[in-house]
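First comes the structure, then the notes that go with it.
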Amino acid sequence: MLHTLPDSSSPAVSAASDAFAPSALQILGYSGVFDATYYLKNNPDLQNLGTAALRHYHQHGWKEGRKPNPFFDPHWYIAQNRDVLGDPLLHYVTNGEKEGRRPIGWFDPGWYTQTYPIPQGMLALAHYLLNRHTQKLKPIAEFDPAFYLKTYPDVAAAGLDPLEHYMIQGFREARQPFEGFDPVYYRKNYLRHAPDSNPLLHYLENKNRSGIHSSCPPNEVTVFREVRRRSAPGPSFEDFNPLPQSAIRRARVLAYYLPQYHATSENDEWWGKGFTEWTNTSRALPRFADHYQPRIPRDLGHYTLNSPDLLDRQAQMAKAAGIEGFVFYFYWFNRKRLLDGPLEMLLANPQIDLPFCLMWANENWSRRWDGSEDDILIAQHYRDEDDNALVDCFARHMCDPRYIRIGDRPLLMVYRPGTIPNARQAFARWRELFRERHGLNPIFIMGQAFGDEDPHSFGVEGAIEFPPHKVVSDCRLINENVQILDEDFRGQIYDYTDIVENALRQPSPSFPLIRTAAPSWDNDARRQGNGLVMHGSTPELYEKWLNGLVNSAQKNRFFGESIVCINAWNEWAEGAYLEPDVHFGSAYLNATARACTGFKSSSNKVRLLLIGHDAFPAGAQKLLLETGRTFRRSFGVDIRFILLEGGAMMEDYRAIAPVEILPPTTGHAMARLNTLRAEGFEYALLNSAASSTIAPLLHDNAITYTFLIHELPHLLQSRDLRKSMGGACETAQSVVVPTRSCAARLGLEKHPRTTILPQGLYDQTTFSRPAREALRSQLGLTGQDLLVIGVGYADMRKGFDLFLQLWRKLAGRAHCVWVGAIDPVLQDGLRTEIDHARTSGTFHMPGRVCNVSDWLSASDVFTLTSREDPYPSVVLEALASGLPCTSFADNGGIPELLKSLQDDPTTCNTIVPFADVRAMSLAALELAQWSKGRTQTSRQDAARKLGKSFLFRPYAEQLLRLAAPKVPSVSVVVPSYNYARYLEARLVSIFTQTFPVLEIIVLDDASTDKSVEIAVDTAAEWGRDVRIIKGRRPSGSVFAQWQKALKQAQGEWVWIAEADDLCDPHFLEKLVHAAHQCPNTVMAFCDSRSIDENGAPLSASYQPYCMEAAGNLLEHDGQFSGQDFLQTCLAERNLVLNVSSAIFQKTAMQAALKKCKKDLAVLNVAGDWRVYLELLDNKDVSVVYVSDAMNIHRRHQSSSTHTLNQNTHLEEIKFMHELVSRRLHFSDEQAERQKLYHQKIRQQFGL
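As numbered in the working numbering, the sequence shown has no gaps in its residue numbers, which increase by one up to the final residue, 1725.
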């Protein structure tokens, strides 16, 4: 369409106009887009025009190319819009902006209108011109004024307009218009033939064309990008989480230790002055895409091993990661020692708590770093005349009490036995010398390397793995699958995942073997393009490897001990180290700790992502933080936080669990979520509609999520979240809102998966008299003064302006205090009013504080002035501090809460019409006077009562049930009487379960030792919640404790975990999984191994005992009907030998205990047998059995079974035989078996 706008000065126009139609000059004058000051300043020849500047522009200026403001170019506008005739600015004002036309290349009115709230009737360009000085507004998405000024302080210091500077000068100086724009890259790739062109303008014109990128695309790999990525914290970065001292190690874990981090004269001669291993690492660069180089140490830095303090730090770090000690490389070349400084330093400092042993690195040193016969620097020879000195040197180290032994035999490892001439005779000779000269009998262990694997071939007693030797032998090279960056690269690349799978498939050999895992391996720093790379290691994969080796070591013991090794602690130039680095932090140390203890193992079946939009210190973010804390402390869930952006609370989040920043718009997000799903993060909690943009990615990766909505319609509309929220609701397994009124306002009241769940109170708030008095004194309040409080981030949504009006309405009859930070824009707008209020002495603004609870205690009434607030926790805090509350109606879920409390005589609250400040002022006065009239004791009582109704743990429990609905809830009850000696280890075995628990209850039967204190201390050390119920007097009955346990438990399943027993970390996971597979299961149990009072092994399994009665029935996992199990496993004797080995369906177990309560009052040893009979004597129930010996039963010589009068014991067996016989209608054969067992026990007792 052709638009023709006649000149307003022509007679035709004048004649046609009437009194009601504004003239062109009036339209332009009121539009806000003609800047007379700018026009005159930039056109010195027009300085004398004064107020006639607009008329000049309209009649002549635009034709001459003069600009009416910095963001309108008349010639450019006409060139872009050939249909425009006449004054282009007038066209823009009347039609152009509505049609989406730009006034200049770098202002987009359509985008601007969608991004910023513009008053009705105002032009987007006018709004920008009026407000651009704030630097918070962007004229186009592709220019960021705040970023520009922050990046270029010279522009900011000069007071220049950032966009004008860029368009005139900045682009010529290769400055960035926004963070994602690389002008050097852009010129190089798209402006080679027009180097003087403005790259941003070119980008704006061509950005939608294929192949145009504002910077190097994320998937384009360069050496420099790889270096930049790897020299910064990555997504798997973790701070160190040291193990509590009470953590039970499942195996003895050793790590190889390289001492080449101090200068020696030999290395100075061979490699240059000052050479250490760090000299090699400095040469490392990535040779192919995703090649992890360089590797940069973090916590310990580029250290020098010349200080016992450094060695002590390493020792402490290793111990806190579950590592028992180091295997020091030992260098002996025919009486000449090399790199012996650290070992000598260790021997000279006995206070360093570092167990150690030696591995003789008996190979040549060569310039090729491979022990070869070429380019030899110093050769390894074996001379008979050196034997005495060699053995004496080894023995000197073995005499140190820290030297690692099995029993009384020190471990001595030899790296390359195959290089020793007549190795069998040599080892026999050395063994004899050890015995004769030092009275030592070391266990000689060979390294499995260079094809030598069988210790029998060399006359040694055992072997130790030394990856990558052996573990890569069956793996294929992946060189052809990677993008090579170095054309001279000739190294070998193997997939770390393949290596782990291959290592875990290896069968157990016929000889003693210590298995070894490597966190990684890459000796490129030494071999410079000719090394071997185990590519793709992650902390999770390494943990899987080490965890598998620990499991294997428990079954395949090395001289009676479970031992595994790690290659290595500090082989930095070979990429094999556990010490923290810049990219992964302490993730590999943490993985080591988890694998050696089983604590929070990555094999955990319940792993949960907690997803939030950012870490800004506000309500929803704090709720997510506390949810994560409770999931971990109370239920033992393995969690990880995913945030779309960062914020001030990042460190708070990191203190609880790993945190990743994962914006959903990046290409990386999809791949990362896919990886997390593969690692077992099956469930997610999506916290807030502001996070809903990531929901499609969760759905596409089969991550089941529960969606919590904390926003209401106005906020959703202003942030354009309606569409993404709706999509998230469609694919969520459940949608959680705090109240029905919130659900109605969101249109979700009829949504099939909506759950109403009011949140709990995450801050422990109560009423404090001292805090009240102190703060009121600080404010200068008298005993009669009333104090009205509002809390939150002071912005328009929270109604801070209405709170100011409230203060004005109160007219000095009460003081007002607002606690919280204030929005800077609102502060600017209300500065005069705020200053006036504060100078009155009755309006107080302490800002953001840490002690909100104290301010609530000091106040007399809480006011919720929010225009829209779904369910602010601060109202729960106010009620829990005993305050009455007043709120506007229809502003969220709080009015519904206050209505629900209307019949509670301990509180008084009022709801006033929406935004009716006068009504709120009257209500606030009335409530404050009511509150003032109470005694402080009555307020304290009200606070306690209401605080209990907002407990956070029940809320978190329901949330967990929604998030992971397939996970049965388990209560763990620990009955204990004077078991302080064992209680710490028992609780740790529960804390380290790979399956989450609903609750842990210690049921103390009036112990007289320190059991309760130990339970409290152990829970605190592990950061877990434990409920302790202390009896007033001993019950005298195990079964009375069982009944009490079931009464207290809240879970579907109950595990009665006796305080003196222990278990494997996978105990609950396997039993619950087995029970879940079989319908009608009321009991699941497993095999047990036994230990004595001091923890010494007694038996590896109870299966041999069970075979006497049930044959091979319990050799394998099984499911049995209740009555079949009674016939086969409980008729002759009780084959469930320890209650700790079982979990029970709570309601069924309660019913069974109730039915046999009378018998339990008289049975001492057969009570458990009696309960199992009652529980399983039902044709509709099942019992499942897992044949793994995951329970560890501690047998005491002084237990009731041992001390019971033998005749009474026999009588109880006879009682059970008769009861079972009556119940099950036994055959003669079964009766005979009972009779024979009775006779056997009689003979055993000598009766």
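The C-beta atom is built at its ideal place from N, Cα and C for all residues, glycine as well. Given the structure is predicted, the values throughout are model-derived calculations rather than measurements.
Quick one: give me the first and last residue of the beta strand (DSSP E) that residue i is part of.
i	result
N1034	Run containing N1034: none; DSSP gives neither H nor E here.
I1139	1137-1139
C1363	1363-1366
E943	940-943
W1500	No beta strand (DSSP E) holds W1500; the alpha helix (DSSP H) holding it covers 1489-1500.
P1731	Summary: the structure shown does not reach residue 1731, with the chain confined to residues 479 through 1725, and so no result is reported for it.
M1323	1321-1325
T994	991-995
N1165	1159-1165
Mapping DSSP to helix, strand and coil, what is residue i?
i	result
S1705	coil
E1049	strand
C1386	coil
R650	helix
L1086	strand
V805	strand
F905	helix
L506	helix
A1149	helix
Q1006	coil
E1129	helix
A1296	Ala is not the amino acid found at residue 1296; the sequence shown has Trp there. Three-state DSSP puts W1296 in a strand.
S1678	Unreliable placement is indicated for S1678, whose pLDDT of 47 sits below 50; the coordinate value is still reported in the next sentence. Here S1678 sits in helix by DSSP.
Y1055	strand
E1123	coil
W838	strand
P775	strand
E716	strand
A619	coil
M924	strand
Quick one: using the 10 Å Cβ neighbour count with 16 as the cut-off for buried, is residue i buried or exposed?
i	result
L1576	exposed
H671	exposed
Q1256	exposed
W1047	buried
D862	exposed
R915	exposed
F1392	exposed
Q1026	Correcting the residue identity first, residue 1026 is Gly in this sequence and not Gln. With 16 or more Cβ atoms within 10 Å of its Cβ, G1026 is classed as buried.
L480	Here L480 scores only 29 on pLDDT, less than 50, and its place in the model should not be relied on; the value that follows carries that caveat. Exposed: under 16 other Cβ atoms inside 10 Å.
Any beta-carbon of chain B closer than 8 angstroms to the one on residue i?
i	result
N840	Annotation note: the requested chain B is absent from the structure, which comprises a single protein chain.
Residues in the same chain with beta-carbon distance under 8 angstroms from residue i, minus the five sequence neighbours each way, listed in chain order, please.
i	result
L1304	A1272, D1273, M1274, F1278, D1279
L1654	V1560, M1561, G1600, Q1601, F1603, L1604, L1608, V1661
P946	Y972, I977, A996, W999, L1010, M1012
Determine which residues share a DSSP beta bridge with residue i and list them.
i	result
M1561	F1622, V1661
F1281	BP columns for F1281 are empty, so no partner.
R1464	Looking at the DSSP assignment, R1464 forms no beta bridge with any residue, so it has no partner.
Could you check if residue i belongs to the surroundings of the ligand MG, using beta carbon to heavy atom distance under 7 angstroms?
i	result
G1258	Although the ligand MG was asked about, the structure shown includes no ligands whatsoever.
Among the residues of its own chain, which have a CB less than 7 angstroms from the CB of residue i, if the five just before and after it don't count?
i	result
L615	Y594, Y606, N609
Y1715	E1610, R1611
T1388	T1364, A1401, L1405
F944	G925, Q926, A927, T994, N1045
C627	At residue 627 the sequence reads Leu, which differs from the Cys that was named. So the list reads Q613, V633, A634, P640, once near-sequence residues are dropped.
Excluding sequence positions up to five away, which residues of its chain have a Cβ less than 6 angstroms from the Cβ of residue i?
i	result
I882	G803, P833, C835, L889
L778	E1057
D513	N547
From which residue to which residue does the alpha helix (DSSP H) around residue i run?
i	result
Y664	661-668
A873	865-876
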